[in-house]
Amino acid sequence: MEKNLSEHSEKSVRFFDLMMEGLKDHVDAETFWDAVDENAVFKFNYYFPNLPKEMGKLKYKEWLEENTNSGSSAEFINLYKDLSTPGQTTIIMQYVVRFKPGIPDMNFLSIATVKDNKVVAWDDYLDTSK
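In my numbering, each residue's number is its place in the sequence shown (first place is 1) plus 541.
What follows is the structure, given as structure tokens:
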């Protein structure tokens, strides 16, 4: 059964603000795009029309500018940080994105790899278990 919450909870924030909340202690930046290395690779392990499976920072930024719903918000479900690899932090962020009324909420899992205080890799997964 699809869950569609038309009301945003008090914990819901804009997507990039939420991602920065997860990254904040491990990057030297105030904004999401400043936190991402110029050579970072974003991989999308799901299918959305017109979404490439992989792209660099600039292409992803352009894609988002053309395809983002300004009325959406997001909130964390879980957040895990793996500090076990020297010189690298892996941040696993499970979150729900709430769109405008009439569009079902969607759960995602993003895995960010941080080196030298910059995001160098981003793997995105869609939770299809609902």
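Cβ atoms here follow ideal geometry from the backbone N, Cα and C, with glycine treated the same way.
Computed from a predicted model, the values in this text were never measured in an experiment.
Ranked by how close their Cα comes to the Cα of valine 577, the residues Ser670, Thr669, Val655, Leu667 have Val655 in first place. In this structure, Ser613 is the residue among Phe557, His567, Phe585, Ser613 with its C-alpha nearest to the C-alpha of proline 642. The three-state reading of DSSP puts asparagine 608 in helix, counting H, G and I together. Between threonine 572 and the set Ser625, Met561, Asp566, Val582, the nearest pair of CA atoms involves Met561. Distance between leucine 605 and proline 627, taken at the CA atoms: about 32 Å.
In the DSSP assignment, the residues bridged to phenylalanine 585 are Asp665. Selection Glu595, Tyr587, Phe589 evaluated against asparagine 580 yields Glu595 as nearest (Cα-Cα).
Taking the Cα positions, phenylalanine 585 is about 8 Å away from leucine 592. Our two residues, histidine 567 and proline 645, have alpha carbons roughly 32 Å apart in a direct line. Per the coordinates, the alpha-carbon of tyrosine 601 lies some 7 Å from the alpha-carbon of phenylalanine 583.
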